[in-house]
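*Asks:*
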Amino acid sequence: MSTDTPGIDPLLALRAPQDPACDVFLTGTVFLDIIFTGLDSAPVRGTESWARGMGSSPGGVANMATALARLGLHTSLAAAFGDDHYGEYCWDALEQGEGIDLSMSRTVPGWHSPVTVSMAYEGERTMVSHGHEAPAPSAVPGQAGAGPTETAPTTAPNPAFPQCPPRARAAIASLVPGRSEPWVATAARHGALIFADVGWDETGRWDLDSLPDLAHCEAFLPNAEEAMRYTRTDCPRAAAHALAERVPLAVVTLGAEGAYAVDGRTGAAAQVPAIEVEALDPTGAGDVFVAGFVTGTLADWPLADRLAFAGLTAALSVQEFGGSLSAPGWAEIAAWWQRIRTCESQDPTALERYAFLEELLPTTARAWPLRRAVPTIGFRQ
């Protein structure tokens, strides 16, 4: 369940009656994530390992959707859900718990939910996943988007590749070499700003021309290794400037060094260092970073503020376990800001980087730390 603070809308001053009802649209695969934390080392063959903590939550694309919704953005998700208990739980957790619009999603009879087991130790994670691709809607009778116990009509678009996404301020795409998703171009034509990340190029070619949907993107957010490989550079900052020749906004994440961004329209660049935290579980941190950057961009903040906010939300997320479970809302952000300003060891110059939060956050905040979602598939009422 979301721990967001009611009434905080980062786009409130920009909203107008003619605006689309949806702030951000995204599509992809929802997994049931089961996360084990508190492992001292990797499991050893032939032995049983006990974890000191665990959690269960919707994962996959649900990590990004939850992070966006908790930051106050009206979020629409198109995905397939299994008609097993896992799928029902994920649907309810996203729609009822987080307020995410699932009207473009569908439940597939006889299809079991994809599952990922993640083990976090030594600041890293190891994952094991299982699942099958959802059948096309043409093979499934029923009615789409009506809820977790109903099914999709033969005429419905595949939620994983929607041809007619809803009007939205922004959409988030995951680029795959050699593949073009028609819905990306459609969303861009209808006025959505496209934000894209990319995974590891298994082909080894690392060719930007193999990412055709990059031409529709407002922002491209690879990590440093991906950015350097795609641009044939040996420096993440040089890679960001090279990418800014292809997209209006190039954002390269630098791990412990923070992030670096270049505005291709103006040539302006910004770098914000990472916040030092004790990481419990990095699952979903990249998704939370993107959600924070999208929020700042739609709110029309300065580039450095967007980077700082994205880095802050990602840092808060790794201090909790799980992907969607760990995504911070405004309550966590407000509690962090209230606490950090009272720490005597804080550098005033470093705090000034986050002074823009003053106008956004409530004057009173709950005490730090905050407990977030209950890490279980669900208790009986």
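Residue numbers (my numbering): 205 to 585.
All residues carry an ideal CB built from backbone N, CA and C; glycine is no exception.
#1: Quick one: is ARG274 buried, meaning 16 or more other Cβ sit within 10 Å of its Cβ, or exposed?
#2: Opposite VAL319 in the DSSP bridges: which residues?
#3: Three or more beta-carbon pairs under 8 Å between the segment 497-510 and the segment 530-538, yes or no?
#4: Can the beta-carbon of LEU379 be found closer than 8 Å to that of PHE399?
#5: In angstroms, rounded to a whole number, what distance separates the CA positions of PRO214 and THR241?
#6: Starting from TYR558, trace the alpha helix (DSSP H) both ways and give me its first and last residue.
#7: Output needed for THR407: all residues of its chain with C-beta closer than 7 Å, excluding positions within five of it in sequence on either side, in chain order.
#8: Could you compute how far the alpha carbon of ASP438 sits from the alpha carbon of MET432?
#9: Among ALA514, PHE493, ALA474, ALA518, whose alpha-carbon lies nearest the alpha-carbon of ALA508?
#10: Starting from MET268, trace the alpha helix (DSSP H) in both directions and tell me its first and last residue.
#11: To the nearest angstrom, how far is it from the Cα of ARG450 to the Cα of TYR290?
#12: Could you check the C-alpha separation between HIS336 and SER414 for me, to the nearest Å?
#13: Quick one: what does DSSP say PRO416 is sitting in, helix, strand or coil?
#14: Look at the Cβ atom of VAL319, then the Cβ atom of ILE239, and state whether they are nearer than 8 Å.
#15: At what residues does the alpha helix (DSSP H) containing THR390 begin and finish?
#16: Give me the Cα-Cα distance between ALA364 and GLY232, rounded to the nearest whole angstrom.
#17: Are the beta-carbon atoms belonging to PRO224 and ALA372 less than 8 Å from one another?
#18: Just the C-alpha distance for TRP541 and PRO477, rounded to the nearest angstrom, thanks.
#19: Given a cut-off of 8 Å on the beta-carbon distance, is the pair PRO262 and ARG310 in contact?
#20: Report the residue from VAL522, HIS420, ALA443, VAL481 whose alpha carbon sits nearest the alpha carbon of ALA465.
#21: Report, in whole angstroms, the separation of the C-beta atoms of GLY468 and ALA448, which I expect to be a contact under 8 Å.
#22: Whose C-beta lies closer than 7 Å to the C-beta of ALA266 among residues of the same chain, with five residues either side of it excluded?
#23: Is GLN300 helix, strand or coil when you go by DSSP?
#24: If you count every other CB in all the chains shown that lies within 10 Å of the CB of VAL248, and 16 or more means buried, which is it?
#25: Rounded to the nearest angstrom, what separates PHE493 and GLU252 at their Cα positions?
#26: Spatial neighbours of ALA377 within its chain, please: C-beta separation below 7 Å, excluding the five flanking residues on both sides.
#27: Distance, Cα to Cα, LEU218 vs ALA423?
*Replies:* In terms of the structure at hand:
#1: Counting from one through the sequence shown, the residue named residue 274 turns up at place 70. Its Cβ being crowded by 16 or more others within 10 Å, ARG274 is buried.
#2: Along the sequence shown, read from residue 1 onward, the residue named residue 319 stands at position 115. For VAL319, the beta-bridge partners assigned by DSSP are LEU236, HIS334.
#3: no
#4: In the sequence shown, residue 379 corresponds to position 175, counting from 1. In the sequence shown, residue 399 corresponds to position 195, counting from 1. Taking C-beta atoms as the reference points, LEU379 and PHE399 fail to come closer than 8 Å.
#5: Numbered from its first residue, the sequence shown carries residue 214 at position 10. Numbered from its first residue, the sequence shown carries residue 241 at position 37. In a straight line, the C-alpha of PRO214 is about 33 Å away from that of THR241.
#6: Your numbering for residue 558 matches position 354 in the sequence shown. Looking at the DSSP string, TYR558 is not in any alpha helix (DSSP H), and its letter there is neither H nor E.
#7: The sequence position of residue 407 within the sequence shown is 203, counting from 1. Taken in chain order, the residues that qualify are PRO381.
#8: Your numbering for residue 438 matches position 234 in the sequence shown. Your numbering for residue 432 matches position 228 in the sequence shown. Near 6 Å, if we compare the C-alpha coordinates of MET432 and ASP438.
#9: The residue you call residue 508 lines up with position 304 of the sequence shown. Considering only ALA514, PHE493, ALA474, ALA518, the residue with the shortest C-alpha distance to ALA508 is ALA474.
#10: The residue you call residue 268 lines up with position 64 of the sequence shown. Looking at the DSSP string, the run of the alpha helix (DSSP H) that includes MET268 is 265-274.
#11: What you label residue 450 is simply residue 246 of the sequence shown in a count that begins at 1. What you label residue 290 is simply residue 86 of the sequence shown in a count that begins at 1. Going from the Cα of ARG450 to the Cα of TYR290 covers about 41 Å.
#12: For the purposes of this step, residue 336 is identified with residue 132 of the sequence shown, where counting begins at 1. For the purposes of this step, residue 414 is identified with residue 210 of the sequence shown, where counting begins at 1. C-alpha separation (whole angstroms): 26 Å.
#13: By 1-based counting over the sequence shown, the position of residue 416 is 212. Note: PRO416 maps to helix in three-state DSSP.
#14: As a working mapping, residue 319 is identified with position 115 in the sequence shown. As a working mapping, residue 239 is identified with position 35 in the sequence shown. Against a cut-off of 8 Å, the Cβ pair of ILE239 and VAL319 comes out as no contact.
#15: Within the sequence shown, residue 390 is the residue found at index 186, counting from 1. Looking at the DSSP string, the run of the alpha helix (DSSP H) that includes THR390 is 386-393.
#16: Working through the sequence shown from its first residue, we reach residue 364 at position 160. Working through the sequence shown from its first residue, we reach residue 232 at position 28. With a pLDDT of 49 at ALA364, under the threshold of 50, the modelled position of that residue is not reliable, and no figure is offered here.
#17: For the purposes of this step, residue 224 is identified with residue 20 of the sequence shown, where counting begins at 1. For the purposes of this step, residue 372 is identified with residue 168 of the sequence shown, where counting begins at 1. Contact flag set, yes.
#18: Residue mapping note: residue 541 aligns to position 337 of the sequence shown, counting from 1. Residue mapping note: residue 477 aligns to position 273 of the sequence shown, counting from 1. The straight-line gap from Cα to Cα measures roughly 17 Å.
#19: The residue you call residue 262 lines up with position 58 of the sequence shown. The residue you call residue 310 lines up with position 106 of the sequence shown. Contact: no.
#20: Against the sequence shown, residue 465 aligns to sequence position 261. Checking every option, the nearest Cα to that of ALA465 belongs to ALA443.
#21: Reading the sequence shown from its first residue, position 264 is the one you call residue 468. Reading the sequence shown from its first residue, position 244 is the one you call residue 448. Right, their Cβ atoms sit about 4 Å apart.
#22: Locating residue 266 in the sequence shown gives position 62, where the first residue counts as 1. Hits under 7 Å: VAL234, CYS294, LEU298, SER528.
#23: Position 96 of the sequence shown holds residue 300. Note: GLN300 maps to helix in three-state DSSP.
#24: Here residue 248 refers to the residue found at position 44 of the sequence shown. The residue is exposed, with fewer than 16 neighbouring Cβ atoms inside 10 Å.
#25: Mapped onto the sequence shown, residue 493 falls at position 289. Mapped onto the sequence shown, residue 252 falls at position 48. If I take the Cα positions, the gap works out to 35 Å.
#26: One-based indexing of the sequence shown puts residue 377 at position 173. If you ignore the 5 residues before and after ALA377, its C-beta comes within less than 7 Å of the C-beta of GLU385, VAL388, ILE398, ALA400, ASP417, all in its own chain and listed in chain order.
#27: Here residue 218 refers to the residue found at position 14 when the sequence shown is read from its first residue. Here residue 423 refers to the residue found at position 219 when the sequence shown is read from its first residue. Pairing LEU218 with ALA423, the inter-Cα distance amounts to about 20 Å.
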